Amino acid sequence: MNRFPFFLFDSAENKKVEFLPENPDRVKIYSCGPTVYNYSHIGNLRSYIFVDVLRRSLKILGYSMDQTMNITDIDDKIIRESISRSVTIEEFTKPWTEAFFQDLQKLNIEKLEHYPIATESVDEMVGLVEKLNANGYTYEKEGNVYFSIDKLSSYGSLSKIDTSGIISGARYDADEYEKDNVRDFVLWKAPKEDGEKSWKTKIGLGRPGWHLECSAMIRQIYSSGVDIHTGGVDLLFPHHENEKAQSEAAYPNEKFVKYWMHCEHLLVDGQKMSKSKGNFFVLGDILEKGYDWKQIRYVLLSFHYRTKLNFSFERLNEAKLSIQKIQNSFNRISDKLNAQDIAFLNFPSSSDEIIDLRPNGFAKEYFLIFINAISDDLNIPKAIASIFDTIKLFNSSLDRSSLHKEDLLDCLKYFYQINLLLGLLEFKSTSEGSIGISENEIQFLIDERIKAKKNKDFQRADSIRDELKAKGIQLEDSKDGSVKWKRME
Ligand code: AMP
Ligand code: ZN
141 MNRFPFFLFD SAENKKVEFL PENPDRVKIY SCGPTVYNYS HIGNLRSYIF VDVLRRSLKI
201 LGYSMDQTMN ITDIDDKIIR ESISRSVTIE EFTKPWTEAF FQDLQKLNIE KLEHYPIATE
261 SVDEMVGLVE KLNANGYTYE KEGNVYFSID KLSSYGSLSK IDTSGIISGA RYDADEYEKD
321 NVRDFVLWKA PKEDGEKSWK TKIGLGRPGW HLECSAMIRQ IYSSGVDIHT GGVDLLFPHH
381 ENEKAQSEAA YPNEKFVKYW MHCEHLLVDG QKMSKSKGNF FVLGDILEKG YDWKQIRYVL
441 LSFHYRTKLN FSFERLNEAK LSIQKIQNSF NRISDKLNAQ DIAFLNFPSS SDEIIDLRPN
501 GFAKEYFLIF INAISDDLNI PKAIASIFDT IKLFNSSLDR SSLHKEDLLD CLKYFYQINL
561 LLGLLEFKST SEGSIGISEN EIQFLIDERI KAKKNKDFQR ADSIRDELKA KGIQLEDSKD
621 GSVKWKRME
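Heads up: the sequence shown runs through residues 141 to 629, numbered per this note's numbering.
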């Protein structure tokens, strides 16, 4: 058996349960992504790092992933801002969407399989409203279509809100509201007269409510439900409760989400970091102060996702030392081997290759301790503590010169595996300097080049090809528009 079991804390069940996906060779995960009207703050980035940790951990455990994060580009704030600047939604959101992807790349967050955009999914949303109309869950008031929550007996079961005081027919048009205001929520909004963008659709002119977007995008990508749905704890109510209600009411015979996972907040001085409070840092602010991306990635990933993380610059300083310790231990071991011996560390990390590169000798027992920690609801603090115990042991074995070549190679496999999670180590070859660029960075650049070509920016496309060539990566364009790459000998 090549796959390790995984246990996760399911917010719906309110307890730890064993993860049993429909198909372990295609684990379907949907994560609520950014509303693209500004830079992401590092609280938002914590929730994206959580998605990255979940993805990377499941890959190490032997699962294959099919993941989605949506881009919300239809939202009250976006519409307001684009009207006040006299630009289209697309013109307003494009730079913020690009900034979001750049942040992911800077933090070495792996690219997911799908990033659907709300404005490109309106047909799906309309289809969902039609389905809800047909199933008798909606009503219309002044051109808006609302979801009638008292028609669905399971409403409230995810967030455990008290539904006893529901006032039938009390409504909310806003996308966000508090727990003590359980109301019917808007699915489809009638056009306003202030120039607000509307879509001409089968159910009339108008625009979707925010909650509808995610339900529709899940349907669009997967044609049914998902194994895991994630988001920050602030999304549990009303957003996820409403998503669940819409999807289950529209498709009562299907499972919408098997497991729900929620990431706790990042705080500053004990308060949730948020744009509305004005107490936020964006990635650029911290990089400008001279900290590097690795320190930020380390801090964001090293706390358990279900605990609040109080952000401080002190923590970034500590992170630098921690990363250095792990890197030094790796360097000591790789220095005893030649470039040929360690070239395997640079393999692209497909699931089979990840499994082939599991330690199976000297380092196996330490690898299994690491695996136990991540399989237990992503206990990264415990996994990191085990890494420090292990490198202490590696270092003392090196001091005694008691490691043979086979043992050293097994230790390198250990570093390969832990770095699949950490994404922080540099695997240097002894004779050639850095082996180079990660698979993740290559994929980002290839996507950038495809985008540049689409926009007829051939100069940019060529310069990306040259940049990759300089790093030893050769591209092969195929007729269907896809791009293959290989490392040059
Ligand atoms: P938004 O762009 O506001 O829709 O948020 C994107 C993601 O960031 C959502 O999953 C939020 O739950 C999450 N989020 C927002 N603020 C924080 C915070 N301070 N700490 C952690 N996650 C957050
Ligand atoms: Zn969502």
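Built from N, CA and C at the ideal position, the CB exists for glycine as well. Values in this document were obtained by computation on a predicted structure and should not be read as measured data.
Check: Own chain partners of Lys187 with C-beta closer than 6 Å, once the 5 adjacent residues on each side are dropped; Outcome: At residue 187 the sequence reads Ser, which differs from the Lys that was named. The residues are Gly372, Cys403.
Check: Extent of the continuous beta strand (DSSP E) run through Asp150; Outcome: 147-150
Check: The ligand AMP site residues, beta-carbon cut 5 Å against heavy atoms; Outcome: Cys172, Pro174, Thr175, Gly183, Asn184, Arg186, Ser187, Gly371, Gly372, Asp374, Leu375, His405, Leu406, Lys412, Met413
Check: Alpha carbon of Ala459 to alpha carbon of Lys342, nearest angstrom; Outcome: 54 Å
Check: Ser187, enclosing alpha helix (DSSP H) - first and last residue; Outcome: 182-201
Check: Environment of Glu163 [buried if 16+ CB atoms lie within 10 Å]; Outcome: In the sequence on display, residue 163 carries Asn and not Glu. Asn163 should be labelled exposed.
Check: Assigned exposure category for Val262 - 16 Cβ within 10 Å defines buried; Outcome: buried
Check: Counted within 10 angstroms of its Cβ, other Cβ atoms place Gly365 as buried (16 or more) or exposed; Outcome: buried
Check: First and last residue of the uninterrupted beta strand (DSSP E) at Glu394; Outcome: Run containing Glu394: none; DSSP gives neither H nor E here.
Check: Those runs of the alpha helix (DSSP H) which lie wholly inside the stretch 253-297 and span at least 4 residues; Outcome: 262-274
Check: Near the ligand ZN: Cys403 beta-carbon under 6 Å from a heavy atom; Outcome: no
Check: Cys115: CB within 6 Å of a non-hydrogen atom of the ligand ZN; Outcome: Summary: the structure shown does not reach residue 115, with the chain confined to residues 141 through 629, and so no result is reported for it.
Check: Lys504, DSSP secondary structure in three states; Outcome: helix
Check: Val635, DSSP secondary structure in three states; Outcome: Past the boundaries of the shown model lies residue 635; the chain is included only from 141 to 629, so the question cannot be answered.
Check: DSSP three-state assignment for Ile301, whether helix, strand or coil; Outcome: coil
Check: Start and end residues, alpha helix (DSSP H) containing Lys434; Outcome: 433-442
Check: Close Cβ partners of Arg196 (< 8 Å) along its chain, the five nearest in sequence each way excluded; Outcome: Glu250, Leu560, Leu561, Gly563
Check: Rounded separation between Ser689 and Phe502 - CA only; Outcome: Residue 689 lies beyond the residue range present for the chain, which begins at 141 and ends at 629; the question has no answer from this structure.
Check: Option nearest Ser308 by Cα separation, candidates Gly346, Cys551, Leu543, Phe287; Outcome: Phe287
Check: Beta-carbon proximity check, Gln467 vs Leu565, cutoff 7 Å; Outcome: yes
Check: Closest residue to Tyr506 among Cys551, Asn471, Glu493 (Cα-Cα distance); Outcome: Cys551
Check: Under 7 Å between C-beta atoms of Ala330 and Gly283; Outcome: yes
Check: Simplified DSSP state of Tyr312, which is helix, strand or coil; Outcome: strand
Check: Proximity of Ile524 and Ser442 at Cβ, strictly below 7 Å; Outcome: yes
Check: Local conformation of Asp409 per DSSP, three classes; Outcome: coil
Check: Leu549 versus Ile473 - alpha carbon distance; Outcome: 9 Å
Check: Residue span of the alpha helix (DSSP H) that contains Asp165, given as start and end; Outcome: Segment: none, Asp165 is in no alpha helix (DSSP H) and carries neither H nor E.
Check: Counterpart residues of Val422 in DSSP-defined beta bridges; Outcome: His181
Check: Per-residue burial, Leu461 [other beta carbons within 10 Å of its own, 16 or more giving buried]; Outcome: exposed
Check: Between the CA atoms of Leu485 and Pro235 - distance to the nearest angstrom; Outcome: 36 Å
Check: CB of Tyr170 within 7 Å of CB of Thr208, strictly; Outcome: yes
Check: Nearest to Thr237 (by Cα), restricted to the options Ile223, Ser226, Leu247, Pro256; Outcome: Pro256
Check: Inter-residue Cα distance where the pair is Phe149 and Leu198; Outcome: 15 Å
Check: CB-CB length for Lys448 against Leu497, believed under 8 Å; Outcome: Their Cβ separation, rounded to whole angstroms, is 35 Å, which puts Lys448 and Leu497 out of contact at 8 Å.
Check: Sub-7 Å separation of Leu376 and Leu352 beta-carbons; Outcome: no
Check: Expected contact under 8 Å - CB spacing of Leu423 and Ile182 to nearest Å; Outcome: 7 Å
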